[in-house]
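>
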Amino acid sequence: MTTPSTPHPLPGTPDGPPPGCPAHGAGPAGPLGAGGLRRLYGPEAERDAPALFEKLRAEHGPVAPALLHDDVPVWVVLGHSENLHMLRTHSVYTRNSRRWRLIQDGTIAPDHPLTPLFAWQPICSFAEGAERERLRGAVNNAMRKIDQRGVRRAINRHSNRLVNEFGRDGRADLVSQFTDHLPMLVMLDVLGLPEEYNEEMVDAARDMLQGTETANASNAAIMGILERHVARRRAKPDDDFASSLIEDEARLTDDEVAQHLRLVLIAAYEATSNLTANVLRMVLTDPRFRAQLNGGQMTVPEAVEQTLWDQPPFSAMLGYFAVQDAELGGQRIRKGDALLLNIAAANVDPVVRPDLEAGMQGNRAHLAFGGGVYECPGDDLGRAIADTGVDALLMRLPDVELAVPETELHWTNSLISSHLKELPVVFSPRRPVALSGVPGKAAAGSDWEITSPVPGTAAAGTATPRATPPAAGPAGPAPTVPAQRGGWRRLLEWVRGD
Ligand code: HEM
């Protein structure tokens, strides 16, 4: 821990320099911008964001001033207790971006590359007071209505179907062929959208979250699909998340429903695909994990929890906004300032984790799901997708190994997440398994325990599995997992509004 720097106002505050002011050290492309502050974008941030945040921690302490794209100033909250304080002090820190002074005074252009992350929308995250309770209440109610056992079966089915597609090859890239698709397939099921949208949604979601020049167009493409879906479900409800939102007593408008579907889809997709990829990467590369897993000491859910500490799927959230002057981590926060919830930095704060090598089993105090009134409502579903997906894959490919040295693994880094680019693996070729039955709408259940398909059995058990897979050979008995309704049939039904 270091001593915080002398508190100083952010550029663009009443007593700070104007954002981007050349007289305050702004360089066109270097790591430092207005006021000599560090940029959270550009080559340095993309190369090694954790190192950048440790520099900020060393220079400023638990709350540091820095610059977003276009040198827009922001407070980066690095400390665990400071982040927790911000999350829990709803009366001072809100997610309502209309409170951001730089939006109010027009400093931030509407086409700012991060606009999809903070542009005000009629969703629970941006609302305050009774309106927030109305909208978040509808999301919570719809979450409760999800058929949890049915979803778990769908996760197993989609996992096995994805493995079927590459199992015979004896090699695969588990990111582009597994983790990029599994959460989207599951979420399309949950939302009631046909899975033919998978590729399009995966591309648009990824593009939007990277803050690229086409991010706004990708956002519009996703909204178009969701708006059409809402119109169909308004006319003819079904047993899905979209219909639950439409039918909720909160009486959401069509636009509100579409916006909440987008929120759920994007939050769930990006976070869960990152989590699943990072758990797989750890299982494949970390000798401690591999040894522990093979020795039966660590369950897949425990591996997931450790990953939520070490590589939180959302490394940061933009943003929180001060509704009044406040003091945080030794810094003077002015009304209208923006703050970045820095989950990754909070999870490695030396105050709560003096030894980063120490295992965190049984400790769920990480901030991977945020906290306070904004805490993620999909934490159990996100955990279930990662747990069940990784477990199903290890069951099918028990001898799976990394095909390249670990040093050849690379991540695409954005402000809010790091996405593993590729995870090339090799394994003994496996024949496809039969997929039978109808997924998703099976008998309702109430628990989120993981149920792995056991080779040779038709149904899943309810015990939390050990990750150690049985040594089934390539010609071993084919597990039976529920199958999907014909893809074209589903699409046709959907197009026709059946
Ligand atoms: C491993 C998976 C996941 C992680 C790590 C994760 C993480 C997060 C985080 C950090 C937030 C922001 C909290 C804040 O602002 O303080 C959030 C919000 C949210 N998440 Fe998740 N999430 C995951 C999965 C899901 C799933 C599966 C769903 C839905 C099915 C979901 C739905 C939401 C929603 C609706 C919000 C907005 C809540 C609000 O503003 O009131 N998330 N999530």
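Be aware that the sequence shown starts at 1, since it is given in the UniProt record's numbering, and climbs by one per residue. Using N, Cα and C, we set each Cβ at its ideal position, and we do this for glycine too.
What is the rounded straight-line gap between the Cα of Thr-266 and the Cα of Phe-314?
Locating residue 266 in the sequence shown gives position 266, where the first residue counts as 1. Locating residue 314 in the sequence shown gives position 314, where the first residue counts as 1. What sits at residue 266 in the sequence shown is Ile, not Thr. Taking the straight line joining both Cα atoms gives about 11 angstroms.
> On the DSSP bridge assignment, give the partners of His-419 in chain order.
The sequence position of residue 419 within the sequence shown is 419, counting from 1. Beta-bridge pairing links His-419 to Thr-412.
> Under 7 angstroms from any heavy atom of the ligand HEM, does the C-beta of Leu-185 make it?
In the sequence shown, the residue the question calls residue 185 occupies position 185. No, since every heavy atom of the ligand HEM falls outside the 7 angstroms radius drawn around the Cβ of Leu-185.
> Relative to the alpha-carbon of Ala-322, which residue among Asp-70, Tyr-374, Trp-75 and Leu-308 has its alpha-carbon at the smallest distance?
The residue you call residue 322 lines up with position 322 of the sequence shown. Cα-wise, what sits closest to Ala-322 is Trp-75.
> Just how far apart, CA to CA, sit Pro-113 and Asn-216?
Mapped onto the sequence shown, residue 113 falls at position 113. Mapped onto the sequence shown, residue 216 falls at position 216. Answer to the nearest angstrom: the Cα atoms are 8 angstroms apart.
> Find out if the Cβ-Cβ distance for the pair Ala-344, Gly-79 is shorter than 8 angstroms.
On the sequence shown, position 344 is the one that residue 344 refers to. On the sequence shown, position 79 is the one that residue 79 refers to. Cβ distance not < 8 angstroms, so Ala-344 and Gly-79 don't count as in contact.
> Find out if the Cβ-Cβ distance for the pair Leu-435, Arg-161 is shorter than 8 angstroms.
Residue numbering aside, residue 435 sits at position 435 when the sequence shown is read from its first letter. Residue numbering aside, residue 161 sits at position 161 when the sequence shown is read from its first letter. Contact flag set, yes.
> Which residues does DSSP pair with Leu-341 in a beta bridge?
To locate residue 341, count along the sequence shown from 1; it is residue 341. The partner list for Leu-341 (beta bridge, DSSP) reads Val-77 and Met-317.
> Taking just the CA atoms, how far does Leu-261 sit from Leu-188?
Counted from its first residue, the sequence shown places residue 188 at position 188. Counted from its first residue, the sequence shown places residue 261 at position 261. Rounded to whole angstroms, Leu-188 to Leu-261 spans 10 angstroms at the Cα level.
> For a minimum of 3 consecutive residues, which ranges assigned as the beta strand (DSSP E) are wholly contained in the region 43 to 78?
You should have 63 to 68 and 72 to 77.
> Buried or exposed: which applies to Ser-259, given that a residue is buried once 16 or more other Cβ atoms fall within 10 Å of its Cβ?
As a first step, residue 259 is located in the sequence shown; it is residue number 259 there, counting from the start. Rather than Ser, the amino acid found at residue 259 in this sequence is Gln. It is buried - the Cβ of Gln-259 has at least 16 other Cβ atoms within 10 Å.
> Please report how far the alpha carbon of His-131 lies from the alpha carbon of Ser-125, in whole angstroms.
Mapped onto the sequence shown, residue 131 falls at position 131. Mapped onto the sequence shown, residue 125 falls at position 125. Reading off the sequence shown, one finds Glu at residue 131, where the question assumed His. Taking the straight line joining both Cα atoms gives about 10 angstroms.
> Look up Leu-328 in the DSSP assignment and give the residues it is bridged to.
For the purposes of this step, residue 328 is taken as residue 328 along the sequence shown, with counting starting at 1. Gln-331.
> Could you tell me the alpha carbon to alpha carbon distance between Ala-220 and Val-230, rounded to whole angstroms?
Here residue 220 refers to the residue found at position 220 when the sequence shown is read from its first residue. Here residue 230 refers to the residue found at position 230 when the sequence shown is read from its first residue. So the alpha carbons of these two residues sit roughly 15 angstroms apart.
> Within its chain, find whatever has a CB closer than 7 angstroms to the CB of Leu-56; leave out the 5 residues flanking it on each side and keep chain order.
Here residue 56 corresponds to residue number 56 of the sequence shown, with the count starting at 1. Answer for Leu-56: Arg-38, Ala-64, Ala-66, Val-76 and Leu-78, listed in chain order.
> Once the 5 residues before and after Arg-98 are set aside, which same chain residues still bring their CB inside 7 angstroms of it?
Locating residue 98 in the sequence shown gives position 98, counting from the first residue. For Arg-98, where only same-chain residues beyond five positions count, the Cβ hits under 7 angstroms are Trp-120.
> So, for Asp-325: in the same chain, excluding its five sequence neighbours on each side, which residues have a beta-carbon less than 8 angstroms away from its beta-carbon?
The residue given as residue 325 occupies position 325 in the sequence shown. Correct list, in chain order: Arg-332, Ile-333, Arg-334 and Lys-335.
> Please tell me whether, using a cut-off of 7 angstroms, the distance from the CB of Pro-313 to the nearest non-hydrogen atom of the ligand COA is below it.
Ligands displayed in this structure: the ligand HEM; the ligand COA is not among them.
> Counting along the chain, where does the beta strand (DSSP E) carrying Pro-122 start and finish?
Working through the sequence shown from its first residue, we reach residue 122 at position 122. Counting along the chain, Pro-122 falls outside any beta strand (DSSP E), and DSSP gives it neither H nor E.
> Comparing C-alpha positions only, which one of Pro-50, Ala-268, Glu-59 and Ile-385 sits nearest to Val-300?
Along the sequence shown, read from residue 1 onward, the residue named residue 300 stands at position 300. When only C-alpha atoms are compared, the closest one is Ile-385.
> The ligand HEM heavy atoms versus the CB of residue 530: any closer than 7 angstroms?
The chain is shown only over 1 to 498; residue 530 falls outside these bounds and no answer can be derived.
> What residue ranges within the region 171 to 237 form continuous beta strand (DSSP E) runs of no fewer than 3 residues, ordered along the chain?
For the region 171 to 237, whole beta strand (DSSP E) runs of length 3 or above, ordered along the chain, are 171 to 173.
> Indicate the three-state DSSP secondary structure (helix, strand or coil) for Leu-84 in the structure shown.
Here residue 84 refers to the residue found at position 84 of the sequence shown. Leu-84: helix per DSSP, three-state reduction.
> Between the beta-carbon of Phe-427 and the beta-carbon of Asp-391, is there less than 8 angstroms?
On the sequence shown, position 427 is the one that residue 427 refers to. On the sequence shown, position 391 is the one that residue 391 refers to. No. Outside cutoff.
> Using DSSP with H/G/I as helix, E/B as strand and the rest coil, what is Ala-459?
The residue you call residue 459 lines up with position 459 of the sequence shown. For Ala-459, the predicted structure reports a pLDDT of 28, less than 50, and the residue's modelled location is therefore unreliable. The matter cannot be settled from this model.
> How many Å lie between Asp-71 and Lys-145 at the Cα?
Here residue 71 refers to the residue found at position 71 of the sequence shown. Here residue 145 refers to the residue found at position 145 of the sequence shown. Cα to Cα, Asp-71 sits roughly 44 angstroms from Lys-145.
> Would the beta-carbon of Ala-154 be found less than 7 angstroms away from any heavy atom of the ligand HEM?
As a position in the sequence shown, residue 154 is number 154, starting the count at 1. It does not: the Cβ of Ala-154 is nowhere closer than 7 angstroms to a heavy atom of the ligand HEM.
> Helix, strand or coil for Val-352, going by three-state DSSP, please let me know.
Here residue 352 refers to the residue found at position 352 of the sequence shown. The answer is coil: DSSP assigns Val-352 none of H, G, I, E or B.
> What does the alpha-carbon distance come out to for the pair Leu-185 and Asp-355?
Taking the sequence shown and counting its residues from 1, the one referred to as residue 185 is at position 185. Taking the sequence shown and counting its residues from 1, the one referred to as residue 355 is at position 355. One C-alpha to the other measures close to 38 angstroms.
> So is Glu-357 buried or exposed if we call it buried at 16+ other beta carbons inside 10 Å?
Position 357 of the sequence shown, counted from the first residue, corresponds to residue 357. Glu-357 comes out exposed.
> Along the chain, where does the alpha helix (DSSP H) that runs through Pro-424 open and close?
Locating residue 424 in the sequence shown gives position 424, where the first residue counts as 1. Here Pro-424 belongs to no alpha helix (DSSP H); instead the beta strand (DSSP E) covers 424 to 426.
> For the ligand HEM, any of its heavy atoms closer than 7 angstroms to the Cβ of Ala-358?
In the sequence shown, counting from the first residue as 1, residue 358 sits at position 358. Ala-358 Cβ: outside cutoff for every heavy atom of the ligand HEM.
> From this set, Trp-100, Met-208, Glu-200 and Arg-281, which residue's C-alpha is nearest Glu-408's C-alpha?
Counting from 1 along the sequence shown, the entry for residue 408 is found at position 408. Selected option, being the one with the closest Cα: Arg-281.
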